[in-house]
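Asks: Below is the structure I would like to discuss, written out as structure tokens.
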Amino acid sequence: MTARRMVRGIAAGALIALMLAGTTGAQDAAEWDRLPTEQLQQAAQSGSVDAQFALAVRYHNGRGVLQNFARAAKLFKIAAEQGHAGAQNRLGQYYYSGLGLSRDGGLALKWLAAAAATNDPQFLYDYAAALENGADGTSDPAKAAELYAMAAERGHEDATVSLGVLYQNGLGVEKDLGRALELYQGPASRDHARALNNLGLLYARGTGVAQDYERAVDLFSRAAEQGLTVAMTNLAVMHENGFGVEVNEPLATELYRKGGRGGDAGTRTIPVYDARLLAPDTSDEGLNLLRQAAQAGDPVAQFQLAWLLLQQEPAQFQDLQSAVWLLRQAAEAGLAPAMANLGILYFEGLGVPQDYALGHMWLILAGTAGMPDAISISSDLSARMSPMQINEAQEMAAKRARLK
Numbered sequence: 021m022t023a024r025r026m027v028r029g030i031a032a033g034a035l036i037a038l039m040l041a042g043t044t045g046a047q048d049a050a051e052w053d054r055l056p057t058e059q060l061q062q063a064a065q066s067g068s069v070d071a072q073f074a075l076a077v078r079y080h081n082g083r084g085v086l087q088n089f090a091r092a093a094k095l096f097k098i099a100a101e102q103g104h105a106g107a108q109n110r111l112g113q114y115y116y117s118g119l120g121l122s123r124d125g126g127l128a129l130k131w132l133a134a135a136a137a138t139n140d141p142q143f144l145y146d147y148a149a150a151l152e153n154g155a156d157g158t159s160d161p162a163k164a165a166e167l168y169a170m171a172a173e174r175g176h177e178d179a180t181v182s183l184g185v186l187y188q189n190g191l192g193v194e195k196d197l198g199r200a201l202e203l204y205q206g207p208a209s210r211d212h213a214r215a216l217n218n219l220g221l222l223y224a225r226g227t228g229v230a231q232d233y234e235r236a237v238d239l240f241s242r243a244a245e246q247g248l249t250v251a252m253t254n255l256a257v258m259h260e261n262g263f264g265v266e267v268n269e270p271l272a273t274e275l276y277r278k279g280g281r282g283g284d285a286g287t288r289t290i291p292v293y294d295a296r297l298l299a300p301d302t303s304d305e306g307l308n309l310l311r312q313a314a315q316a317g318d319p320v321a322q323f324q325l326a327w328l329l330l331q332q333e334p335a336q337f338q339d340l341q342s343a344v345w346l347l348r349q350a351a352e353a354g355l356a357p358a359m360a361n362l363g364i365l366y367f368e369g370l371g372v373p374q375d376y377a378l379g380h381m382w383l384i385l386a387g388t389a390g391m392p393d394a395i396s397i398s399s400d401l402s403a404r405m406s407p408m409q410i411n412e413a414q415e416m417a418a419k420r421a422r423l424k
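Here the working numbering is used: the first residue of the sequence shown is 21, the next is one more, and so on.
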């Protein structure tokens with residue numbers, strides 16, 4: 021292998037990643053979350069702005085209802101227009117990302133600014149990130165630095181790190197490596213992944229500090245353990261070239277693979293089992309009975325037989341085809357773990373043509389059908405998707421749900 025360049029320090033993350041993570045902002049909807057959906061809908065229809073926000077969050081997260089960003093956007097807009105800061109922040113993010121409605125950078129900044137006027141540190145950070153990344157096509161790093169500083173003063177560690185990036189690169193502020201180092205060190209001491217990675221880069225390059233490869237390896241490793249893909253790539257560089265560690269090309273290759281395929285989405289184990297089901301009996305007699313039940317149309321047996329076929333490494337094409345057929349039968353019958361695994365196969369293009377929209381659709385339906393991990397899996401994998409693909413998947417899921 022030849023040496024590869026390390027990935028630069030990370031600036032503010034794209035807001036779409038925050039959107040898919042399902043954060044609720046400053047407004048605490050815990051009490052509303054305990055209400056059944058029907059009662060929450062009634063409260064929202066009666067005009068309760070907090071209920072409208074909580075219901076929008078429920079549709080955003082897909083918990084207890086079919087995930088639907090378009091419906092969430094409408095509710096966020098109603099609440100935002102009544103001055104609900106959390107809804108204003110979410111609506112701004114929706115306009116920025118294009119989830120649930122048409123992308124509009126100007127409206128994104130308008131609503132994000134309205135929420136940030138409350139001086140809530142998360143809202144300050146979100147507005148700053150949109151300004152830095154040019155939500156309306158023009159970047160304003162100076163204003164972003166001002167807002168990051170306000171949020172950092174209120175203890176927001178992502179804002180602290182993002183402000184450090186601006187000082188490191190001299191964007192919107194005068195370049196000051198000492199200040200950047202100081203801003204990274206606090207969050208890094210508390211294992212903030214992005215701060216660890218950015219601090220590691222300073223030590224790897226000897227920028228503003230004495231070059232220390234071993235220190236850099238430690239910092240990259242701690243960030244990579246948290247799933248930060250850029251840190252995996254940077255750690256791969258260290259192992260590939262023997263910087264601070266012995267040369268280890270197989271490990272470097274594996275780290276490059278993990279770092280280049282979207283983090284957890286790229287490293288998720290296939291298949292995913294449902295812990296609520298007993299493990300299948302893999303004795304000769306047990307497998308024979310499982311095959312008979314699957315052939316008779318038992319969806320649980322079909323899922324378990326598919327799961328066993330997918331366990332093989334490497335999976336043979338014929339086994340993948342059989343697994344897809346079995347999962348599709350069980351998914352059509354409404355079995356949640358079959359839906360989830362079929363969705364993952366579509367994302368990975370294993371046994372089926374790769375189709376992110378179909379994959380996301382099946383994972384949405386699996387979450388609604390009660391698969392415990394389907395929503396988090398969906399959130400991870402949807403990081404690969406465009407807003408248009410996500411909206412399409414939700415429309416397909418809603419259409420399929422109506423047909424049932």
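Just so it is clear, CB atoms sit at the ideal spot from N, CA and C, and this is done for glycine as well.
Quick one: give me the first and last residue of the alpha helix (DSSP H) that Lys-94 is part of.
Replies: Position 74 of the sequence shown, counted from the first residue, corresponds to residue 94. Element bounds for Lys-94: 89-101.
Asks: Tell me the residue span of the alpha helix (DSSP H) that contains Gln-205.
Replies: Position 185 of the sequence shown, counting from 1, holds the residue named residue 205. 197-209 is the span of the alpha helix (DSSP H), which, as asked, contains Gln-205.
Asks: So for His-259, helix, strand or coil by DSSP?
Replies: Here the question's residue 259 lines up with position 239 in the sequence shown. Of the three classes helix, strand and coil, the one that applies to His-259 here is helix, per DSSP.
Asks: What residue does the alpha helix (DSSP H) around Gln-332 start on, and which one ends it?
Replies: Here residue 332 refers to the residue found at position 312 of the sequence shown. That residue, Gln-332, is in no alpha helix (DSSP H); it is neither H nor E in DSSP.
Asks: Do Asn-109 and Ala-135 have their C-beta atoms closer together than 8 angstroms?
Replies: The residue given as residue 109 occupies position 89 in the sequence shown. The residue given as residue 135 occupies position 115 in the sequence shown. In this structure, Ala-135 lies closer than 8 angstroms to Asn-109 by Cβ.
Asks: Considering only their Cβ atoms, is the gap separating Ala-150 from Tyr-168 smaller than 8 angstroms?
Replies: For this step, residue 168 is matched to residue 148 along the sequence shown. For this step, residue 150 is matched to residue 130 along the sequence shown. Taking 8 angstroms as the Cβ cut-off, Tyr-168 and Ala-150 do not qualify as a contacting pair.
Asks: Find the nearest neighbour of Val-193 within the set Gln-205, His-104, Trp-52, Ala-164, judged by alpha-carbon distance.
Replies: Along the sequence shown, read from residue 1 onward, the residue named residue 193 stands at position 173. With distances taken between Cα atoms, Val-193 lies closest to Ala-164.
Asks: Taking just the CA atoms, how far does Arg-311 sit from Leu-111?
Replies: Residue 111 sits at position 91 when you count from the first residue of the sequence shown. Residue 311 sits at position 291 when you count from the first residue of the sequence shown. Each residue's Cα considered, the two are about 50 angstroms apart.
Asks: Who are the near neighbours of Gly-363 in its chain, counting only those whose CB is closer than 6 angstroms to its CB and skipping five residues on each side?
Replies: Residue mapping note: residue 363 aligns to position 343 of the sequence shown, counting from 1. So the list reads Gly-379, Trp-382, Leu-383, once near-sequence residues are dropped.
Asks: Mapping DSSP to helix, strand and coil, what is Ser-122?
Replies: Residue numbering aside, residue 122 sits at position 102 when the sequence shown is read from its first letter. Coil, per DSSP.
Asks: Output needed for Leu-454: all residues of its chain with C-beta closer than 7 angstroms, excluding positions within five of it in sequence on either side, in chain order.
Replies: Nothing about residue 454 can be reported from this structure: the residues present for the chain run from 21 to 424 only.
Asks: Suppose you measure from the CA of Ala-224 to the CA of Leu-127; what does that come to, to the nearest Å?
Replies: To locate residue 224, count along the sequence shown from 1; it is residue 204. To locate residue 127, count along the sequence shown from 1; it is residue 107. Rounded to the nearest angstrom, the two C-alpha atoms are 41 angstroms apart.
Asks: Can you list, in chain order, the residues of its chain with a C-beta nearer than 7 angstroms to that of Ala-321? Leave out the 5 residues immediately preceding and following it.
Replies: The count along the sequence shown starts at 1 and reaches residue 321 at position 301. Leu-310, Ala-313, Ala-314, listed in sequence order.
Asks: Using a Cβ-Cβ cutoff of less than 8 angstroms, which residues in the same chain neighbour Ala-389 once the five nearest sequence positions on both sides are dropped?
Replies: Position 369 of the sequence shown, counting from 1, holds the residue named residue 389. Answer for Ala-389: Gly-354, Leu-355, Ala-356, Met-359, listed in chain order.
Asks: Taking the alpha-carbon of Gly-306 as reference, which of Asp-294, Gln-324, Glu-266, Gly-317 has the nearest alpha-carbon?
Replies: One-based indexing of the sequence shown puts residue 306 at position 286. Comparing Cα positions, the closest option is Gln-324.
Asks: Take every Cβ of the stretch 170-187, pair it with every Cβ of the stretch 131-147, and state whether three or more of those distances are shorter than 8 angstroms.
Replies: Between the stretch 170-187 and the stretch 131-147 there are three or more inter-stretch CB-CB distances shorter than 8 angstroms, so the stretches are counted as touching.
Asks: Using the Cβ count rule (16 or more neighbours within 10 Å means buried), how would you classify Gly-371?
Replies: Position 351 of the sequence shown holds residue 371. Buried, because 16 or more other Cβ atoms sit within 10 Å of the Cβ of Gly-371.
Asks: For the alpha helix (DSSP H) that contains Met-359, what are its first and last residues?
Replies: Locating residue 359 in the sequence shown gives position 339, counting from the first residue. From DSSP, the alpha helix (DSSP H) with Met-359 extends over 356-368.
Asks: Looking only at C-alpha atoms, which of Ile-395, Gln-341, Gln-349 sits nearest to Pro-373?
Replies: In the sequence shown, the residue the question calls residue 373 occupies position 353. Measuring from the Cα of Pro-373, the nearest candidate turns out to be Gln-341.
Asks: Spatial neighbours of Ser-241 within its chain, please: CB distance less than 7 angstroms, with the 5 preceding and 5 following residues excluded, ordered by chain position.
Replies: For this step, residue 241 is matched to residue 221 along the sequence shown. Cβ within range, chain order: Leu-255.
Asks: In whole angstroms, what separates the C-alpha of Gly-283 from that of Asp-400?
Replies: Here residue 283 corresponds to residue number 263 of the sequence shown, with the count starting at 1. Here residue 400 corresponds to residue number 380 of the sequence shown, with the count starting at 1. Because the pLDDT of Gly-283 is 38, which lies under 50, any placement of that residue in the model is unreliable, and the question is left without a value.
Asks: Does DSSP put Pro-373 in a helix, in a strand, or in coil?
Replies: For the purposes of this step, residue 373 is identified with residue 353 of the sequence shown, where counting begins at 1. The three-state secondary structure of Pro-373, taken from DSSP, is coil.
Asks: Counting only the same chain and skipping the five closest in sequence on each side, list residues whose C-beta sits under 6 angstroms from that of Gly-220.
Replies: For the purposes of this step, residue 220 is taken as the residue at position 200 of the sequence shown. Hits under 6 angstroms: Ala-236, Leu-239, Phe-240.
Asks: Do Trp-327 and Tyr-293 have their beta-carbon atoms positioned less than 8 angstroms apart in this structure?
Replies: As a first step, residue 293 is located in the sequence shown; it is residue number 273 there, counting from the start. As a first step, residue 327 is located in the sequence shown; it is residue number 307 there, counting from the start. Yes.
Asks: In terms of residues, what are the limits of the alpha helix (DSSP H) holding Val-77?
Replies: Sequence index remark: in the sequence shown, residue 77 carries index 57 (1-based). Val-77: member of the alpha helix (DSSP H) spanning 69-81, first to last residue.
Asks: Note down the Cα distance separating Asp-301 from Glu-368, rounded to an integer number of angstroms.
Replies: Translated into the one-based positions of the sequence shown, residue 301 becomes position 281. Translated into the one-based positions of the sequence shown, residue 368 becomes position 348. Cα to Cα, the separation comes out at about 28 angstroms.
Asks: What does a CB cutoff of less than 7 angstroms around Trp-52 pick up in its chain, not counting 5 residues either side in sequence?
Replies: Translated into positions along the sequence shown, residue 52 becomes position 32. Cβ within range, chain order: Leu-60, Asp-70, Ala-71, Ala-74.
Asks: Use the C-beta contact count for Ser-122: other C-beta atoms within 10 angstroms, 16 or more gives buried, fewer gives exposed.
Replies: On the sequence shown, position 102 is the one that residue 122 refers to. Exposed, because fewer than 16 other Cβ atoms sit within 10 Å of the Cβ of Ser-122.
Asks: Using CA atoms only, rank isn't needed, just tell me which of Pro-392, Ile-410, Gly-82 is closest to Arg-296.
Replies: In the sequence shown, residue 296 corresponds to position 276, counting from 1. It is Pro-392.
Asks: Taking only three categories from DSSP, how would you classify Met-405?
Replies: Here residue 405 corresponds to residue number 385 of the sequence shown, with the count starting at 1. Here Met-405 sits in coil by DSSP.
Asks: Tell me whether Glu-245 sits in a helix, a strand or coil according to DSSP, three-state version.
Replies: One-based indexing of the sequence shown puts residue 245 at position 225. In this structure, Glu-245 counts as coil in the three-state DSSP scheme.
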